[in-house]
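Chemist: Protein chains in written order, with the working numbering: chain A, 101 to 594; chain B, 1237 to 1454. Attaching a single structure in structure tokens format; questions to follow.
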């Protein structure tokens, strides 16, 4: 660790904020250019950070309040990449939505500066979650991600969007309050051993984990699980997920599912790596929650007719895999969890963007029972969706195959046969609804007169580019899963 | 001082009851304002023992008493003063809330050693404060679950946040001020955004009745 590198994590954190200020006042073209360039610059810094962490270990700065370790580096690159892809997609997506409602388009155009600025602020808060080494500021940062995203979820500002935004903000704020009690208890338990300032630092908690009163450690971990679990969409705290994903603009749905519901696992990973080895019952709780979530999410997904709600409940099911892998409490489990986070982020981001493309072209039709026959009219979207669907279903050679295989192998290694069985069974159900989705949307013929009469064609270039980038990433990670090894092997050592 | 702090803490429970059960939104917000002032007084009381908490007291005054109360009052003025009829009738609700408060307070106060991270935290006034903090959390959750009026739901969230703040003052008062400022900033922004969304809902539907938010199911 060298103080001289302390600027790198700060550069990643601050760059989106720097670009967020001018976008509020810039004209439309300049604003879009600033958004993409800000995201690109941030990605460059994130890659530099990752390289630096791999070569020389974690970086601490601001009195160890910010700590960029392997986990933070992985998540930073992931967040930055997804943010860049979303900004490229939004170049044509957001101005082009609701083409047949000119009043609504004009109203949304006036809200675009707010959307762009908040998206960049949101990106910054996500980096903060990844890099903060302060247990209470972790809570602050997580809540900040909710606050920054609330108006993005309700961007369309119609009744449905307002309902979704209200539920999103209310449920997450209530849930995270439980986590706050957990943070306070954990800090208060550690402070007598470490001192008031040192007890705030997560990296110090490991030293005193054995001296914390066991009932307090357990109580605080469970409260943190409620709060972080609500944010992550774990069942039974998932009711907000489908509404928020379905009613937000596709670019926001993609970001929600790919990154926002993943960052709470950073908090879980950090706390569980400290307390899990001493309290196996915590691992059991997380395991059971993961299994329950896998099943509930899959059951709800398979019953959906709305394309976006299907993907949302699918995300609920998939975060169950991450929770279960964490609950195994082994280094292999931690590795599998983080690999799954990366793979699912790319896959689900792709699926939401491709769904957004379908809805964009098909006159806002989202119902599976009304869609159909879009393969010839939207070949690139169809191909990208197929890549995403196959990856989600766990088919080789896509990243999802290796992600699920890691979880299954980690479960076998830990002799967690129930997890293994449920993971495999859920995979089969996932395969069923993803292949059904692809067939119903792109194969056969249009199932509604409106769609048949509509002039449906492939989406603009920026949207195609964004989808192709993500599809490429899913394929590359599938063909070369070891490409993340240098970062992922650092995760169990955090 | 211990007796005074305990009395102030218990006053928080009374103001919570009034904030939840008042059918007039203005009276409910007034009860919340009184609660905020009592919170400030409690923090100031602790500040006589730990001088750095004077910053905490000032922060609580600005955020809870001034900002949040003003935002709530502003939204209440713009709409109907009378609360939308809640799911639980008045008498039953009053009995439920009183019973809930008694049970939670009694249990936590009687088993403070379970939640106390240090021997000091088992003693008064900390013991009472922790019990009141958790009771506020439960009372606030009750309001969120049983109230149809979106503004009353937000008041319930404010009560939960006050419980969290009281636990922070009681158990973690050695924390640096910058952390506290981060926490209260989050709370103020959260309440502002919720009120902004509620205002949008009221504009669209002509009511704050959350039971009318039923377009999104499963």
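All C-beta atoms, glycine included, are put in the ideal place defined by N, C-alpha and C.
According to the neighbour-count rule (16 or more other Cβ atoms, all chains shown, within 10 Å of its Cβ), is residue 249 (chain A) buried or exposed?
Modeler: Counting Cβ neighbours within 10 Å, residue 249 (chain A) comes out buried, since at least 16 surround it.
Chemist: State yes or no: is the beta carbon of residue 1322 (chain B) nearer than 8 Å to at least one beta carbon in chain A?
Modeler: With 8 Å as the cut-off, residue 1322 (chain B) does not count as an interface residue toward chain A.
Chemist: Suppose contacts are defined by Cβ-Cβ distances below 8 Å. Is residue 1340 (chain B) in contact with residue 1351 (chain B) by that definition?
Modeler: Contact flag unset, no.
Chemist: Check the Cβ of residue 343 (chain A) against every Cβ in chain B and list those closer than 8 Å, keeping chain order.
Modeler: The contacting residues are 1452.
Chemist: Between residue 1425 (chain B) and residue 247 (chain A), which are expected to be in contact by the criterion C-beta below 8 Å, what is the C-beta distance as a whole number of angstroms?
Modeler: The Cβ separation is near 5 Å, so the contact holds.
Chemist: Locate the alpha helix (DSSP H) running through residue 1358 (chain B), then write down its first and last residues.
Modeler: It spans 1355 to 1358 - the alpha helix (DSSP H) in which residue 1358 (chain B) sits, taken as one unbroken run.
Chemist: Is residue 471 (chain A) helix, strand or coil by DSSP?
Modeler: Of the three classes helix, strand and coil, the one that applies to residue 471 (chain A) here is coil, per DSSP.
Chemist: At what residues does the alpha helix (DSSP H) containing residue 354 (chain A) begin and finish?
Modeler: Residue 354 (chain A) -> alpha helix (DSSP H) spans 350 to 355.
Chemist: In the DSSP assignment, what residue or residues form a beta bridge with residue 1260 (chain B)?
Modeler: Answer is B:1318.
Chemist: Quick check on residue 326 (chain A): does DSSP put it in helix, strand or coil?
Modeler: It is helical.
Chemist: Which of the three DSSP states is assigned to residue 168 (chain A) in this structure?
Modeler: Residue 168 (chain A) falls in the strand class under three-state DSSP.
Chemist: Do you know how far the Cα of residue 277 (chain A) is from the Cα of residue 594 (chain A)?
Modeler: Only weak support exists for where residue 594 (chain A) lies, its pLDDT of 48 falling under 50; the value from the coordinates is given anyway. For residue 594 (chain A) and residue 277 (chain A), the distance between alpha carbons rounds to 26 Å.
Chemist: Let's test the definition: count the other Cβ atoms within 10 Å of the Cβ of residue 192 (chain A) and tell me whether it reaches 16, buried, or not, exposed.
Modeler: When all chains shown are included, residue 192 (chain A) counts as buried.
Chemist: Does residue 254 (chain A) get closer than 8 Å to chain B when you measure Cβ to Cβ?
Modeler: True, the Cβ-Cβ gap to chain B drops below 8 Å.
Chemist: Within 10 angstroms of its Cβ, does residue 464 (chain A) collect 16 or more other Cβ (buried), or is it exposed?
Modeler: Exposed.
Chemist: Give the single residue among A:106, A:424, A:162, A:125 whose Cα lies nearest to the Cα of residue 145 (chain A).
Modeler: Considering only alpha carbons, the answer is A:106.
Chemist: Grab the span of the beta strand (DSSP E) containing residue 609 (chain A) for me, first residue to last.
Modeler: Outside the modelled stretch of chain A, which goes from 101 to 594, sits residue 609 (chain A), for which no answer is possible.
Chemist: So, is the C-beta of residue 1412 (chain B) closer than 8 Å to a C-beta in chain A?
Modeler: Chain A, which has a Cβ nearer than 8 Å to the Cβ of residue 1412 (chain B), makes this yes.
Chemist: Please go through the stretch 177 to 251 of chain A and give each complete alpha helix (DSSP H) segment of 4 or more residues, from N-terminal end onward.
Modeler: As far as the stretch 177 to 251 of chain A is concerned, its whole alpha helix (DSSP H) runs of at least 4 residues are 202 to 231.
Chemist: Closer than 7 Å by beta-carbon distance: list the chain A residues that pair up with residue 1440 (chain B), in chain order.
Modeler: Going along chain A in sequence order, the residues near residue 1440 (chain B) (Cβ under 7 Å) are 259, 262.
Chemist: Would residue 244 (chain A) count as contacting chain E if we go by Cβ distances under 8 Å?
Modeler: Absent from the structure: chain E. Protein chains present are A and B.
Chemist: Is there at least one Cβ from chain B nearer than 8 Å to residue 289 (chain A)'s Cβ?
Modeler: Chain B contact via Cβ: present.
Chemist: Would residue 117 (chain A) count as contacting chain B if we go by Cβ distances under 8 Å?
Modeler: No, because no Cβ of chain B sits closer than 8 Å to the Cβ of residue 117 (chain A).
Chemist: Between residue 1331 (chain B) and residue 1257 (chain B), what straight-line distance do the alpha-carbon atoms span, to the nearest angstrom?
Modeler: The straight-line gap from Cα to Cα measures roughly 10 Å.
Chemist: Less than 8 Å between CB atoms is the rule here; does residue 1343 (chain B) satisfy it with respect to chain A?
Modeler: No, no contact with chain A.
Chemist: Closer than 7 Å by C-beta to residue 148 (chain A): which residues in its own chain qualify, once you throw out the five before and the five after it? Chain order, please.
Modeler: Counting only Cβ-Cβ distances below 7 Å, and skipping sequence neighbours, we find 108.
Chemist: Residue 580 (chain A): buried (16+ other C-beta within 10 angstroms of its C-beta) or exposed?
Modeler: Its Cβ having fewer than 16 others within 10 Å, residue 580 (chain A) is exposed.
Chemist: Out of curiosity, what's the CA-to-CA distance linking residue 264 (chain A) and residue 1238 (chain B)?
Modeler: Computed Cα separation, rounded: 46 Å.
Chemist: Verify the CB distance criterion: does residue 292 (chain A) have a CB-CB separation below 8 Å to chain B?
Modeler: Closer than 8 Å to some Cβ of chain B, the Cβ of residue 292 (chain A) qualifies, so yes.
Chemist: Residues in the stretch 533 to 557 of chain A with C-beta within 8 Å of chain B's C-beta atoms, listed in sequence order?
Modeler: Residues: none.
Chemist: Examine chain A for any beta-carbon lying closer than 8 Å to the beta-carbon of residue 1283 (chain B), and answer yes or no.
Modeler: Not one chain A Cβ lies under 8 Å of residue 1283 (chain B).
Chemist: Taking the alpha-carbon positions, what's the residue 101 (chain A) to residue 583 (chain A) distance?
Modeler: Caution applies to residue 101 (chain A), whose pLDDT of 47 falls short of 50 and renders its modelled position unreliable; the value that the coordinates give is listed next. When rounded, the distance between both Cα atoms is 24 Å.
Chemist: With 16 other CB atoms within 10 Å as the buried threshold, where does residue 1361 (chain B) fall?
Modeler: Buried.
Chemist: For the stretch 1343 to 1368 of chain B, which residues have a beta carbon sitting closer than 8 Å to at least one beta carbon of chain A?
Modeler: For the stretch 1343 to 1368 of chain B, which is checked against every Cβ of chain A, the residues closer than 8 Å are 1350, 1351, 1353, 1354, 1357.
Chemist: Taking Cβ to Cβ, would you say residue 289 (chain A) is nearer than 8 Å to residue 251 (chain A)?
Modeler: No. Outside cutoff.
Chemist: Quick check: is the beta carbon of residue 328 (chain A) nearer than 8 Å to any beta carbon in chain B?
Modeler: Chain B, which has no Cβ nearer than 8 Å to the Cβ of residue 328 (chain A), makes this no.
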